[in-house]
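First up is the structure itself, then whatever we jot down about it.
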Amino acid sequence: MEQVTTFFNGNYHLITIVILSIFLGIEVISRVPAVLHTPLMSGANAIHGVVIIGAIIVMGSAHDGDYISLVLGFLAVILGTLNVVGGFVVTDRMLEMFGKKKKPSAK
Amino acid sequence: MEQFQELLSTNPLLLLAYLFGSVTFILGLKMLSHPETARKGNLIAAAGMIVAIFGTIFLYQHKSEGEGVPVGLHNYMWIFAGLIIGTVIGTMAAKKVQMTAMPEMVSMFNGMGGACAMLISLIEYRNDPLAPAGKLLIIVLGMIIGTVSFAGSVIAWGKLAGKIKDRTIPGGQIINFLIFVGIISLAVLVIGNFMPGTPALFYAFLALAALYGVLFVMPIGGADMPVVISLLNSFTGVAAAFGGFLYNNPVMLTGGILVGSAGTILTMLMCKAMNRSLKNVLIGSFGGAKAGASGEAKAQGAYKEISMNDSAVLMAYATRVMIIPGYGLAVAQAQHTCHELEKVLEEKGVEVVYGIHPVAGRMPGHMNVLLAEADVPYEKLLEMEDANDQMGGTNVVLILGANDVVNPAAKDDPSSPIYGMPILEVEKAEHVIVNKRSMKPGYAGIENELFFRPKTSMLFGDAKKVLQALITELKQI
């Protein structure tokens, strides 16, 4: 129990951010036309690629002799980058098509 | 709080980069939900991501063992090599993928993110297996969620790519439950450090989590795959957020949680479109044995076929034709031919609209993306409610490779697994022409009575070839 209280006190700001972000995520998404569900899912997919930052930190603070950490970290950086880059590029490709047919209808 | 102040005092610039990143993620998601701003929103989020990544590489400082002075990151060679390899492969994969294979691709990228979270937890555990319970809890949770998301995404990818068949394991739910209990008990052992010096426990636990991910997705039917991908997408978001806790990293936290909550809402929206509860999706297997049995029990009536020529005549003299696309159109890559047919019909003064069911295809909005690729004007795509309103004044409905989304059993057969799902009520139109490759049931494995109804005529063949033939016939009229 004591540990829980210490944890809460120590992470009060983080917990606030989490709760506010939950509401923000719900608010932002609840008004999406069905047309955009696929690109939105794909865009959100790219955003959680932010986990790459953890991989960079792990990699960058691994000790020189610790080959297992180095190899696993290296793999994590590659996988994280795949998530980020692939995610954003795929989303852009999908949305590119929406843009094309938007122009004539707007004018 | 202390950690942020520490970060702020040593590194105000990095904190600013992270703040920038968080704001772009929120803006990006918001803009992604409007058609006009979507593309820009995606690019803005990408820009924020780049700033956050390079900020981390060059500005992040950590304390090495003991009280030492904070030092910057090293191993730059490895980091940049990883970034470059990932960027090259990621860009190539994303550029090369066919529009029809998009859902698989998203699932794959999602799995990569989950695997990344899993590896981070693994390394952190190896570095400090005797960490305080709070830290171990974060590591363990990040690891479970990341691993389940990774294993599940790979299975979802395999199913969508047709490499893995739906399989119901007898007593699967009990097995899953036992594994879940196993994971929780091992997690408690690891976190509580009840058996110090046995890292094997942690690895057993990793293996169990992976097994759980596999078994969790395995029995879920193909028709429910979009829901599963969306759910796994939000899982990975949560796994990323645990990374944020681990490193007191605000941008990982906001990014992860945003995707976690937005993904959950999106999952629920998808379930709503199919009128099923999430619980139902996860527990009941859609294409399972039960559905097949009830389908077979029904007497197969006689269906009638229609010739290419008759179909063309029917459409040429119609006032309004509604095209209902489904996965069959995507498989045949017939979206461009379909747009061509639409133009030929319009030259003859026929109004052409598209009736889009929200879950037609393999992903919500799949059909919109596909038709947008073929330059079909946005206003011609009617959402389900509007399409049903206009059905009455429609002379011909042309169904291209769609099945479950027009199945009347959803309305009038309470024993059907899709009972209650809103459908496109095509029978309100005068004629229904169904293009399919064969009489085989749809992806959900349910017999479709629509094909035996008096208004319905069947036009067998590959969607693209049929459409081309129709265009030729139409031009001769």
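Chain order of the listed sequences is A and B.
Position one of the first sequence corresponds to residue 1088 (the numbering used here), numbered consecutively onward.
Position one of the second sequence corresponds to residue 926 (the numbering used here), numbered consecutively onward.
Using N, Cα and C, we set each Cβ at its ideal position, and we do this for glycine too.
Practice problem: Quick one: list the residues of chain B neighbouring A/Gly1152, beta-carbon separation under 8 angstroms, in chain order. | Solution: Neighbours of A/Gly1152 on chain B: none; closest Cβ ~12 angstroms, over 8 angstroms.
Quiz item: What span of residues does the beta strand (DSSP E) with B/Pro1057 cover, start to end?
Solution: Careful: B/Pro1057 lies outside any beta strand (DSSP E) and carries neither H nor E.
Quiz item: For B/His1356, does the three-state DSSP call read helix, strand or coil?
Solution: strand
Quiz item: Using a C-beta to C-beta distance shorter than 8 angstroms, which residues of chain E count as neighbours of B/Thr1025?
Solution: No chain E is part of this structure, whose protein chains are labelled A and B.
Quiz item: Given a limit of 9 angstroms on CB to CB distance, which residues of the region 1304-1334 of chain B reach chain A?
Solution: Glu1304, Leu1306, Glu1308 and Met1309
Quiz item: Which chain B residues are close to A/Glu1183, counting only those with a beta carbon under 8 angstroms from its beta carbon?
Solution: Arg964
Quiz item: How many angstroms separate the CA atom of B/Lys955 from the CA atom of A/Glu1114?
Solution: 9 angstroms
Self-check item: 7 angstroms Cβ cut-off: residues of chain B touching A/Thr1178
Solution: Asn967
Exercise. Report the neighbours of A/Thr1168 on chain B: residues whose CB is nearer than 7 angstroms to its CB, in chain order.
Key: Gly1007, Leu1008, Gly1011, Thr1012 and Gly1015
Self-check item: Interface residues of the region 1263-1290 of chain B facing chain A [CB-CB below 8 angstroms]
Solution: Ile1281, Pro1283, Met1288, Pro1289 and Gly1290
Quiz item: Three or more beta-carbon pairs under 8 angstroms between the region 1132-1147 of chain B and the region 1167-1179 of chain B, yes or no?
Solution: no
Self-check item: Presumed contact (8 angstroms Cβ cut-off) between B/Leu1307 and B/Ile1281, rounded CB distance
Solution: 6 angstroms
Exercise. Could you tell me whether the Cβ of B/Glu1049 comes closer than 8 angstroms to any Cβ of chain A?
Key: yes
Exercise. Please decide whether B/Asn1158 counts as near chain A, where near means a Cβ-Cβ distance under 8 angstroms.
Key: yes
Exercise. Go ahead and label B/Asn1234 buried or exposed: buried means 16 or more other beta carbons lie within 10 angstroms of its beta carbon, across all protein chains shown.
Key: exposed
Quiz item: So is B/Lys1020 in contact with chain A if we call contact Cβ pairs under 8 angstroms?
Solution: yes
Quiz prompt | From B/Pro1151, B/Ala1354, B/Glu1049 and B/Val1031, residue whose alpha carbon lies closest to that of B/Pro1379 | solution = B/Ala1354
Quiz prompt | Cutoff 6 angstroms; reference B/Ala1259; Cβ partners in own chain excluding five residues on either side | solution = Ala1388, Lys1389 and Leu1392
Practice problem: Give me whichever residues DSSP pairs with B/Phe1385 in a beta bridge. | Solution: B/Lys1361
Quiz item: Roughly how far, in whole angstroms, is the beta-carbon of A/Ala1149 from the beta-carbon of A/Leu1157, given that I think they are within contact range, below 8 angstroms?
Solution: 5 angstroms
Quiz item: Is there a Cβ from chain A that is less than 8 angstroms from the Cβ of B/Asn1118?
Solution: no
Quiz prompt | Contact the region 1340-1347 of chain B vs the region 1263-1275 of chain B: 3+ CB pairs below 8 angstroms | solution = no
Quiz item: With 16 as the cutoff for other CB atoms within 10 Å, does B/Arg964 come out buried or exposed?
Solution: buried
Exercise. Quick one: measure Cβ to Cβ for A/Val1137 and B/Cys1041, integer angstroms, because I've assumed they're closer than 8 angstroms.
Key: The Cβ separation is near 10 angstroms, so there is no contact.
Quiz item: In three-state DSSP terms, what is B/Glu1310?
Solution: helix
Practice problem: Tell me whether B/Pro995 is buried or exposed, calling it buried when 16 or more other Cβ atoms sit within 10 Å of its Cβ. | Solution: exposed
Quiz prompt | Straight-line gap, B/Pro1028 to B/Met1288 (C-alpha atoms, nearest Å) | solution = 7 angstroms
Quiz item: For the alpha helix (DSSP H) that B/Tyr1128 lies in, which residues bound it at each end?
Solution: Pro1124 to Val1142
Quiz prompt | With 16 other Cβ atoms within 10 Å as the buried cut-off, status of B/Pro881 | solution = In the structure displayed, chain B extends from 926 to 1402; residue 881 of chain B sits before or after that span and is not available.
Quiz prompt | Same chain only: Cβ atoms within 6 angstroms of B/Lys1229, ignoring 5 sequence neighbours per side | solution = Ser1382
Quiz prompt | Proximity winner among B/Glu1398, B/Val1277 and B/Asn1158, relative to B/Gly1077 (alpha-carbon distances) | solution = B/Asn1158
Quiz item: If you draw a straight line from the C-alpha of B/Leu944 to the C-alpha of B/Thr1179, how long is it?
Solution: 10 angstroms
Quiz item: Are the C-beta atoms of B/Asn1101 and some chain A residue less than 8 angstroms apart?
Solution: no
Quiz prompt | Residue nearest to B/Ser947 in terms of C-alpha spacing, selected from B/Ala1394, B/Ser958, B/Glu961 and B/Ala971 | solution = B/Ala971
Practice problem: Flag this pair as touching only if the region 1103-1120 of chain B and the region 1162-1171 of chain B have three or more C-beta atom pairs under 8 angstroms; answer yes or no. | Solution: no
Quiz prompt | Residues near B/Thr949 by beta carbon distance below 7 angstroms, same chain, minus five either side | solution = Ile969, Ala970, Ala972 and Gly973
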